[in-house]
């Protein structure tokens, strides 16, 4: 409650949820309470996980089955967070009078709490097209990203829907391009061989299509110099060599980083999720360089920017 009271519209919690690890009814009940507290600012980040990672939690579902589970799960959550009370009998869930115990919790958002989701496989794109509000993707060379986004839009249109597009990227921005690539080199230099082995070894058996697409950009090779892996001007997939999750960074001067962000924006990306390493220091750097160059500083202060 203290966080809700001390933050404004610009702070919109993006809650990561693995479908299947918590009852959809319980999630909806908690979410409606949380969303009331935050005045309609809650967002769900749908994380489908992988066959390997979900076994740790006792959920044994293969790749395509995960998306069937997810589609059913979120169709239930959407109806519950819209205030409906209903029975449901599906492949994974059999619910009776779902939502009745919290019918007095009035939804704040309409038609439901928004879903953000990323999936690059055919089942993932199909689920996104039918159910989610913001399609998320990791950074890729623009020509590859365009092909994927075209498929997403085509499938969404088949359901009579239009999705917003979000892009997850790291930024390595410095005064000059050479300084930025030197910073990328340092990230490689300070990473231990054990970290490389663990990251690449752990990911070798992952069945996620997004990870596989990312892996193909560097092939699991740790270069002597970061720029050896440059896949497009200022685009570097090397972050995934030593950290899980999204691993593509824009590396360059302020002007070059803005140029690449603009290039992605021209593909239809309207939401950017950006980070750097180390997080706090790079957040200040981006706030002092990139945001003013984009002319969005005031919008971020007042909560109108994304």
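Residue numbers (this note's numbering): 6 to 311.
Built from N, CA and C at the ideal position, the CB exists for glycine as well.
Pull the bridge partners of residue i from the DSSP assignment, please.
i           : result
residue 173 : 143 and 278
residue 71  : DSSP, once it has assigned bridges, lists no residue as partnering residue 71.
residue 179 : 258
Suppose you measure from the CA of residue i to the CA of residue j; what does that come to, to the nearest Å?
i           : j           : result
residue 8   : residue 288 : 20 Å
residue 179 : residue 116 : 43 Å
residue 177 : residue 34  : 40 Å
residue 144 : residue 261 : 16 Å
residue 106 : residue 12  : 30 Å
residue 194 : residue 228 : 10 Å
residue 27  : residue 113 : 22 Å
residue 236 : residue 242 : 8 Å
residue 190 : residue 75  : 39 Å
residue 215 : residue 152 : 14 Å
residue 16  : residue 248 : 26 Å
residue 201 : residue 149 : 26 Å
residue 234 : residue 222 : 8 Å
residue 184 : residue 294 : 15 Å
residue 313 : residue 156 : Outside the shown range of the chain (6 to 311) lies residue 313, about which nothing can therefore be said.
residue 87  : residue 168 : 19 Å
residue 158 : residue 181 : 37 Å
residue 250 : residue 206 : 14 Å
residue 203 : residue 225 : 12 Å
residue 83  : residue 57  : 27 Å
residue 304 : residue 286 : Note that residue 304 scores a pLDDT of 49, beneath 50, so its modelled location is shaky and nothing firm can be said.
residue 313 : residue 281 : The structure shown does not extend to residue 313, since the chain is modelled only from 6 through 311, so no value can be given for it.
residue 64  : residue 217 : 22 Å
Looking only at C-alpha atoms, which of the options sits nearest to residue i?
i           : options               : result
residue 79  : 165, 66, 121 and 260  : 121
residue 141 : 147, 125, 189 and 155 : 125
residue 213 : 129, 113, 162 and 155 : 129
residue 81  : 104, 168 and 156      : 104
residue 170 : 282, 277 and 62       : 277
residue 54  : 19, 23, 199 and 274   : 23
residue 97  : 32, 66, 85 and 91     : 66
residue 47  : 21, 275, 281 and 101  : 21
residue 73  : 108, 183 and 131      : 131
residue 273 : 39, 172, 14 and 91    : 172
residue 139 : 59, 275 and 149       : 275
residue 127 : 160, 146 and 147      : 160
residue 188 : 167, 256 and 250      : 256
residue 283 : 192, 266, 198 and 185 : 192
residue 300 : 263, 204 and 38       : 263
residue 36  : 59, 211, 286 and 118  : 118
residue 14  : 43, 38 and 32         : 43
residue 231 : 186, 297 and 157      : 186
residue 196 : 6, 296, 246 and 60    : 246
residue 259 : 281, 206, 203 and 296 : 296
residue 25  : 60, 219 and 39        : 60
residue 39  : 68, 286, 77 and 6     : 6
residue 68  : 93, 92 and 211        : 211
Considering only residues of the same chain and omitting the five flanking positions on each side of residue i, which have a CB-CB separation below 6 Å?
i           : result
residue 164 : 134 and 135
residue 137 : 120 and 122
residue 239 : 255, 256, 257, 261 and 265
residue 71  : 53
residue 316 : Here the chain covers residues 6 to 311 and nothing more, so residue 316 does not appear.
Considering only residues of the same chain and omitting the five flanking positions on each side of residue i, which have a CB-CB separation below 7 Å?
i           : result
residue 279 : 174, 176 and 291
residue 244 : 175, 252, 253 and 254
residue 307 : With a pLDDT of 37 at residue 307, under the threshold of 50, the modelled position of this residue cannot be trusted, and the question is left open.
residue 271 : none
residue 19  : 48, 50 and 121
residue 268 : 147
residue 89  : 104
residue 10  : none
Who are the near neighbours of residue i in its chain, counting only those whose CB is closer than 8 Å to its CB and skipping five residues on each side?
i           : result
residue 41  : 110, 111 and 113
residue 45  : 113 and 114
residue 30  : 81, 85, 100, 103 and 104
residue 166 : 134 and 135
Got a sec: is the Cβ-Cβ distance from residue i to anything in chain C below 9 Å?
i          : result
residue 87 : Any reference to chain C falls outside this structure, which holds one protein chain only.
Can we count residue i as close to the ligand MG, meaning its CB is less than 8 Å from some heavy atom?
i          : result
residue 41 : The model depicted lacks the ligand MG and carries no ligand whatsoever.
**Asked** Fully enclosed by the region 229-300, which alpha helix (DSSP H) runs are 4 residues long or longer?
**Response** Scanning the region 229-300 for uninterrupted alpha helix (DSSP H) segments of 4 residues or longer gives 259-270 and 284-299, listed from N- to C-terminal end.
**Asked** Can you give, in chain order, each stretch of the beta strand (DSSP E) that sits fully within the region 79-144 and has at least 3 residues?
**Response** 91-94, 99-103, 120-122 and 139-143
**Prompt:** Residue ranges of each beta strand (DSSP E) run of no fewer than 3 residues wholly in the region 15-68, ordered along the chain?
**Reply:** 19-22 and 48-51
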